[in-house]
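One structure is given below, encoded as structure tokens.
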Amino acid sequence: MREARQNDPMTPTPYRVLEKRREQADSFTLELASINAGGGQNFRPGQFNMLYVFGVGEVPISISGDPANADRLVHTIRNVGGVTNAMAGLNKGDVIGVRGPFGSAWPVKEAEGDDVVIIAGGVGLAPLRPAIHHVLTDRSKYGRFVILYGARTPRDIMFMPELMKWRGRFDTQVEVTVDRTSNDWSGNVGAVTKLIPRADFDRGRATVLVCGPEIMMRFAIAELDGSGVSKDSIYVSMERNMKCAVGFCGHCQFGGYFVCRDGPVFPYGKIEALLKIREL
């Protein structure tokens with residue numbers, strides 16, 4: 687069985703790019719495999735890695751692949767800075783450094799027996815994708831399964847083939863909405879929070895996983911709270927400027943927590959007061 691993390695969390699392990707595919711104009715997915723014999727990585731849904739481009743730098747990126755496939759490591763990345771732009775220039779066969787996995791995970795084990803609701807905005811669907819894979823793999827262990835996803839425009843929708851595949855299942859409700867429509871879009875229009883009232887799940891027996899822009903998460907949580915979902919049943923993934931990934935540097939401090947070590951996944955009740963402070 688593979689180790690969940692390499693022995694030295696500060697030393698990158700070399701991985702080779704198996705595949706790179708464009709998701710949208712500003713995002714792409716890398717599929718990686720360890721160069722080391724018997725390598726690979728066991729991770730829990732919601733965790734992240736530090737990805738290192740040799741000679742450029744490293745950034746924290748959530749894992750977006752299937753946790754059941756330890757031989758293939760998948761990351762979906764927005765090219766928004768120097769390091770991620772360098773990653774966008776990688777090709778099949780290139781080598782990248784990986785540290786991790788780090789951080790807390792979505793409570794997929796604890797949610798067994800509950801209805802599970804996924805609420806994602808924009809690229810926030812990527813950190814939730816491993817949890818979706820996990821629930822669908824062990825579908826009989828969960829109640830109703832709902833995926834609510836919002837994007838800016840139809841062109842910004844991530845993982846469209848998978849969303850359509852999941853929507854085709856009889857045991858999964860998938861609703862997608864966009865903020866701004868186009869002539870070829872016939873689906874929902876509006877904020878993802880508007881999908882919550884029509885979602886078919888038991889408000890008193892549900893685990894809700896939320897990831898996306900913080901403003902979206904605030905409104906989603908308010909809608910959930912108003913509809914009877916317990917705050918103790920809501921989990922969010924926070925994004926901060928993580929550098930070391932092990933709680934040493936303090937760059938990702940969030941109140942009394944370090945997002946890299948105590949998060950990125952938090953029970954909402956644990957950070958409710960902090961999430962309401964916009965300056966944090």
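One point on numbering: in this note's numbering, the residue at position 158 of the sequence shown is 844, and numbering is uninterrupted. Just so you know, even glycine gets a beta-carbon here, dropped at the ideal spot from N, CA and C.
- Item | Neighbourhood of residue 839 by C-beta, 6 Å cutoff - its chain only, sequence neighbours within 5 removed | Take residue 839, set aside five residues on each side of it, and the residues of its chain with a beta-carbon closer than 6 Å to its own are 864, 866, in chain order.
- Task: With DSSP as the reference, label residue 848 as helix, strand or coil.
- Result: Of the three classes helix, strand and coil, the one that applies to residue 848 here is helix, per DSSP.
- Item | Beta-ladder partner(s) of residue 717, from DSSP | For residue 717, which the question treats as bridged, DSSP gives the partners 705, 760.
- Segment contact, 8 Å Cβ cut-off, at least three pairs: the segment 851-865 with the segment 783-799: Not touching, per the Cβ criterion.
- State the beta-bridge partners of residue 785 as determined by DSSP. According to DSSP, which records beta bridges pairwise, residue 785 is partnered with 736.
- Message: Just to confirm the assignment, what range does the beta strand (DSSP E) spanning residue 883 have?
- Response: No beta strand (DSSP E) holds residue 883; DSSP gives it neither H nor E.
- Query: Can you tell which of 794, 891, 700 has the C-alpha that lies nearest to the C-alpha of residue 822?
  - Reply: Per the Cα distances, 794.
- Task: Could you pull the start and end residues of the beta strand (DSSP E) that residue 905 belongs to?
- Result: Segment 900-912 is the alpha helix (DSSP H) holding residue 905; no beta strand (DSSP E) there.
- Under 7 Å Cβ to Cβ from residue 772, same chain only, skipping five residues before and after it: list those, please. Correct list, in chain order: 739, 742.
- Between the Cα of residue 893 and the Cα atoms of 812, 870, 922, which residue gives the shortest distance? If we check each option's Cα against that of residue 893, 922 comes out closest.
- Item | Beta-carbon proximity check, residue 779 vs residue 702, cutoff 8 Å | Yes.
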